[in-house]
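Asks:
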Amino acid sequence: MKIIMLGAPGAGKGTQAKKIAEKYHIPHISTGDIFRANIKNGTELGKKAKTYMDQGALVPDELVCDLVVDRVRQEDCRNGYVLDGFPRTIPQAESLDATLASLGESVDYAINVEVPDEKIVNRMSGRRACVGCGATYHLVYAPTKAEGICDTCGAELILRDDDKPETVLKRLGVYHNETQPLIDYYRGKGILKEVDGTMDMADVFRAIVEILGA
Ligand code: AP5
Ligand code: MG
């Protein structure tokens, strides 16, 4: 099962992708997480990506596409995967389609998690990310057991630099210009599925499982 998560920054793509990966035993591939891991490890890719990410801009397609194309060809992706944060532009979607076509494969579902802009800024300001393992929480909607400490690995939680309100607004603008056109792209392919992302996280997941099947 090859699944793409679509949606604005903060719509809940990562939250839901993690649950999908656990339930269906497929890898969760988040380009944002891959870039953040590279930044943390001080790699060349991380240094390049950081300059764009800090501004709320997209990392150039050529830095993203090869990375994902290599990843989806790995052994653990044979039964499918859930892509979170990729594709984000029409050229990225075309690059993915071309790669899959060369393998005789195609994307099965593009799930659009819909949340209106006005709810996004509020959500992002409450999000906290673990500096150790990258797990995400929310001060109100997904709190940790001990304040400021990751439930999974015990490391410290921070507000991501790009979750500050002014950067979130910039990311929303980029989303509408560059990423939203993918909704029509996948609708045209007949694989678009839409879920209401303003519901409680558990209800959003239930709606997704209804689409994917138990
Ligand atoms: P990325 O990390 O992908 O950021 P994003 O798309 O902006 O999405 P987020 O991770 O911010 O949000 P999400 O939808 O995953 O929401 P979450 O589940 O955390 O990318 C970061 C940057 O990397 C980009 O800006 C770009 O520079 C670069 N990049 C990455 N991929 C790229 C690509 N393909 N091409 C070019 N550049 C790329 O939820 C948000 C919060 O809300 C959490 O606190 C969560 O607990 C809470 N929450 C979730 N669901 C609910 C709910 N139903 N009710 C209440 N609260 C909820
Ligand atoms: Mg995410």
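If you want our numbering, it's the 1-based position in the sequence shown plus 1132.
The beta carbon of each residue, even a glycine, is placed where N, CA and C say it ideally should be.
Ligand 2 and D1348: does any heavy atom of the ligand fall closer than 7 Å to the residue's C-beta?
Replies: Here the chain covers residues 1133 to 1346 and nothing more, so residue 1348 does not appear.
Asks: Does the stretch 1178-1186 come into contact with the stretch 1245-1255, if we say contact requires no fewer than three beta-carbon pairs (one atom in each stretch) closer than 8 Å?
Replies: Segments in contact, no.
Asks: Using only the heavy atoms of ligand 4, determine whether one of them is closer than 7 Å to the beta carbon of G1142.
Replies: With respect to small molecules bound, the structure shown includes ligand 1 and ligand 2 and not ligand 4.
Asks: Within this structure, are the beta carbons of I1161 and R1210 separated by less than 8 Å?
Replies: Their beta carbons are not under 8 Å apart, which means I1161 does not touch R1210 by this criterion.
Asks: Determine the extent of the alpha helix (DSSP H) in which N1348 is found, giving its start and end residues.
Replies: Because the chain spans 1133 through 1346 in this model, residue 1348 falls outside it and cannot be assessed.
Asks: So, with DSSP's three-state summary, where would you put D1335?
Replies: Helix.
Asks: Beta-carbon separation of T1268 and A1261 under 8 Å?
Replies: Cβ atoms of T1268 and A1261: closer than 8 Å.
Asks: When you compare each of Y1318, E1310, E1226, I1343 to D1328 by their alpha carbons, which one comes out closest?
Replies: With distances taken between Cα atoms, D1328 lies closest to I1343.
Asks: Below 8 Å between beta carbons: does that hold for D1295 and R1259?
Replies: Closer than 8 Å, so yes.
Asks: Apart from the five residues just before and just after T1231, which ones in its own chain have a Cβ nearer than 6 Å to its Cβ?
Replies: Counting only Cβ-Cβ distances below 6 Å, and skipping sequence neighbours, we find V1201.
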